[in-house]
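If you're matching them up, the sequences are chains A and B in order.
Per my numbering, the very first residue in the first sequence carries number 5; after that it's consecutive.
Per my numbering, the very first residue in the second sequence carries number 560; after that it's consecutive.
Virtual Cβ for every residue (Gly too), placed ideally from N, Cα, C.
Values in this document were obtained by computation on a predicted structure and should not be read as measured data.
Notes follow once the structure below has been shown.
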Amino acid sequence: MNSIIKIIKYQMQDNIRSKWIIGCFVFFFAFSYWLISFTGEAAKVIMSLLNIILIIIPLISVVFGTIYIYNNKNYITFMLTQPINRTSLYSGLYFGLVIPLLLSFLLGVGIPVILYYGIFIESFGTLIIVFLTGIFQILVFTSFAFLIATLNEDKLKGLGLSIFIWLFFTAVYDGLILFLLQMFQDYPLEKFALGLTIANPVDLGRILVILKFDVSALMGYTGAVFESFFGNNLGLSVSFLILQIWFVVPFIFGLKMFSKKDI
Amino acid sequence: MIEIKNLNKSYGSLNVIKGIDLKIEEGKITYIVGPNGSGKTTLIKAILGLIKKYEGSIFINGELINGDSRYRNNIGYMPQSASFPENLTVKNIFEMVKDLRNNKKSLDEELIFSFNLEKEMNKRLKNLSGGTVQKVSAALAFLFSPQILILDEPTAGLDPVSSGILKDKILKENSAGKTILFTSHIMSELEELAQNIAFILEGKLCFEGSLNNLIQLTGEKNLERSVASVMMGKVA
């Protein structure tokens, strides 16, 4: 544990000075500030922020995480010749990257929100869910990035796979759901749709926030099923549990692969 | 002492190391020689615990390497090409390794001074030349006065002055009883430094012994010709 904290400390020092992390912060800050100051309406701001969080954050996390492992290959080899075990190094590298990414997101979006806190007073709960969704997207997609880079020696293949994972969860998956719903429209598919939605970390984040806006009535019976599931504390807890699984499973799998891998 | 028993390593169907038995004597400078792709780096990686899936056993000072990382406290390693996080300063890197090894005292900082690295301490790694990064890597390998030093082509990328400094340091550490294992393609280095030679050809150990033994065995007039003779398979 001790060496994990030491590695995190130095990785953070490196990443916080990285122009990519600083660039992310500037992007989040400029976009949120511009959005809030021009829109001025909490619901619209939150929905626009949500779209950015659900599309840009997974892309940044998965691509940056993959490149990070490939670029640090010689450094990882060097670290493994020191008296530290592989679990400490993998965890240290992961959290050493995730914490600066989280900071760039939380500060980048958080500072403009604090500056205009007046317009968010009534939607504070929704805003918290938006931030939690963003945090989980970083954790989940960086986990995937580390797993992909550990499993693939070829940088081009790894990067291609990362972009595919992003495309799959943010676009292809929804297309598949629509296709399935269309194919089996004569059957009661509400619970099936619910199951498919919570199985995707991006959709799960989206639905959690959307349902906070009381728009379920517009979504017919499916909306009612979703509302009855996500509207209570159990549904919310299950959702966050699933988001945790999405981050922990690829992380543990990546760690196991890294521990067994020939460097 | 490093003892390797019946080491076999394959990558898929490619057999890289084929049944190597080797004893690297304590307090000696042993040079691992062989053509490109003969398995030298794989052997070094196995000793360092970087390779997990192999057959056979490796003992360091009588203890079997079995996944516990603590034995690496006794090892200093200088890779062929080092790289460190580019936004950290040289000072940060030294602090990090000292922190990780829990050792901030009794340090051997001789190379930091002889390579003039004090001037570079506040520079970020991304602003350093390749040669300076190699100097940082060499200084780190010697910093904790480890009992075993593993140097993979240590002088590659160093200017002649720095290369001389490093070779002097290797000899000095050896006279203090350190076990040194190194690879290099530079014959003059081999003649200058090596006491023992382990010759690997296509994954097999084909010679183990002193320089003079090798010359006698091949019947050649100098070391360079002897090495070439083994590489061409004239000695089995």
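Cβ-based burial, residue i [other Cβ within 10 Å; buried from 16]
i      : result
D711/B : buried
E559/B : Nothing in the structure corresponds to residue 559/B, since chain B is present only between 560 and 795.
Q775/B : exposed
Y121/A : exposed
R210/A : buried
G138/A : buried
Y79/A  : buried
I125/A : exposed
W170/A : buried
N595/B : exposed
R631/B : buried
D627/B : exposed
S572/B : exposed
K611/B : exposed
K685/B : exposed
V253/A : exposed
G598/B : buried
V176/A : exposed
P644/B : buried
M655/B : buried
A203/A : exposed
L699/B : buried
CA nearest to the CA of residue i, picked from the options
i      : options                           : result
L106/A : I133/A, K77/A, P116/A and S65/A   : S65/A
F150/A : L84/A, Q248/A and F257/A          : F257/A
K23/A  : S108/A, P87/A and R90/A           : S108/A
T600/B : E783/B, E761/B, G792/B and M790/B : E761/B
Q639/B : P713/B, L764/B and L670/B         : P713/B
F32/A  : I115/A, Q15/A, A153/A and L143/A  : I115/A
I56/A  : K77/A, L200/A, I142/A and G179/A  : I142/A
I11/A  : K265/A, N89/A, R21/A and A197/A   : N89/A
F251/A : F234/A, I20/A and T146/A          : T146/A
Y72/A  : V102/A, Q189/A and D207/A         : V102/A
E732/B : R784/B, L670/B, N681/B and L782/B : L670/B
A34/A  : L119/A, A47/A and F173/A          : L119/A
L58/A  : F217/A, G129/A, S263/A and V213/A : V213/A
L110/A : I8/A, E231/A, I9/A and F29/A      : F29/A
E194/A : F230/A, K159/A, T91/A and L182/A  : F230/A
Q706/B : I739/B, K726/B and L699/B         : I739/B
I561/B : E654/B, I579/B and L659/B         : I579/B
A46/A  : I132/A, L93/A and G69/A           : I132/A
I40/A  : Q17/A, S95/A and V117/A           : V117/A
A697/B : G736/B, V649/B and G608/B         : V649/B
L198/A : Q189/A, F173/A, L208/A and Y191/A : L208/A
I9/A   : F140/A, S232/A, G100/A and V144/A : G100/A
Beta-carbon separation (whole angstroms), residue i vs residue j, contact threshold 8 angstroms
i      : j      : result
E767/B : A757/B : 5 angstroms
G635/B : F701/B : 6 angstroms
L566/B : I617/B : 7 angstroms
G690/B : D718/B : 6 angstroms
V720/B : I652/B : Between I652/B and V720/B the Cβ distance is about 23 angstroms, and since that is not below 8 angstroms, they are no contact.
K819/B : A605/B : Since the displayed chain B opens at 560 and closes at 795, residue 819/B lies outside it and no answer follows.
L104/A : V206/A : One detail in the question is off: residue 104/A reads as Pro in this sequence, not Leu. Contact doesn't hold; Cβ gap of about 22 angstroms is too wide.
K726/B : E750/B : With 8 angstroms as the limit, K726/B and E750/B do not qualify as a contact, their Cβ atoms being about 11 angstroms apart.
L53/A  : S36/A  : 7 angstroms
L659/B : S7/A   : 6 angstroms
Residue-level contact to chain E via CB, residue i, 8 angstroms cutoff
i     : result
Y14/A : Included in the structure are the protein chains A and B, with no chain E among them.
Exercise. Check each residue of the stretch 75-93 of chain A: if its Cβ is closer than 9 angstroms to any Cβ of chain B, include it; give the result in chain order.
Key: Listed in sequence order: N75, N76, K77, N78, Y79, T81, F82, M83, L84, T85, Q86, P87, I88, N89, R90 and S92.
Quiz item: What residues in the stretch 609-620 of chain B have a beta carbon less than 7 angstroms from any beta carbon of chain A?
Solution: Along the stretch 609-620 of chain B, the positions whose C-beta sits under 7 angstroms from a C-beta of chain A are L609, I610, K611 and K612, read in chain order.
Quiz prompt | Interfacial residues, the stretch 248-266 of chain A to chain B, with Cβ spacing under 9 angstroms | solution = Against chain B - using a Cβ distance shorter than 9 angstroms - the residues of the stretch 248-266 of chain A are S263, K264, K265 and D266.
Quiz item: What are the residues of the stretch 149-160 of chain A that lie near chain B, defined by any Cβ-Cβ distance shorter than 8 angstroms?
Solution: Per Cβ criterion, the list is empty.
Practice problem: Would you mind listing the beta strand (DSSP E) stretches within the stretch 39-99 of chain A that are 3+ residues and don't spill past its ends, in chain order? | Solution: As far as the stretch 39-99 of chain A is concerned, it has no whole beta strand (DSSP E) run of at least 3 residues.
Quiz item: Which residues, in order along the stretch 646-662 of chain B, keep a beta-carbon less than 7 angstroms from a beta-carbon of chain A?
Solution: If the cut-off is 7 angstroms between Cβ atoms, the stretch 646-662 of chain B has N646, L647, N651, M655, V656, D658, L659 and R660 near chain A.
Practice problem: Would you list, in chain order, the members of the stretch 629-646 of chain B that have their beta-carbon closer than 8 angstroms to a beta-carbon of chain A? | Solution: Closer than 8 angstroms at the C-beta level to chain A, one finds these residues of the stretch 629-646 of chain B: R629, Y630, R631, N632, I634, Y636, P638, S640, A641, S642, F643, P644, E645 and N646.
Practice problem: Return the residues of the stretch 18-50 of chain A that lie within a Cβ-Cβ distance of less than 7 angstroms from chain B, sorted by chain order. | Solution: Under the 7 angstroms Cβ criterion, the stretch 18-50 of chain A contributes D18, R21 and S22.
Quiz item: What alpha helix (DSSP H) runs, 4 residues minimum, are completely inside the stretch 138-200 of chain A?
Solution: For the stretch 138-200 of chain A, whole alpha helix (DSSP H) runs of length 4 or above, ordered along the chain, are 159-171 and 177-187.
Quiz item: What are the complete beta strand (DSSP E) segments, minimum 3 residues, inside the stretch 678-722 of chain B?
Solution: With a minimum length of 3 residues, the unbroken runs of beta strand (DSSP E) contained wholly in the stretch 678-722 of chain B fall at 707-711.
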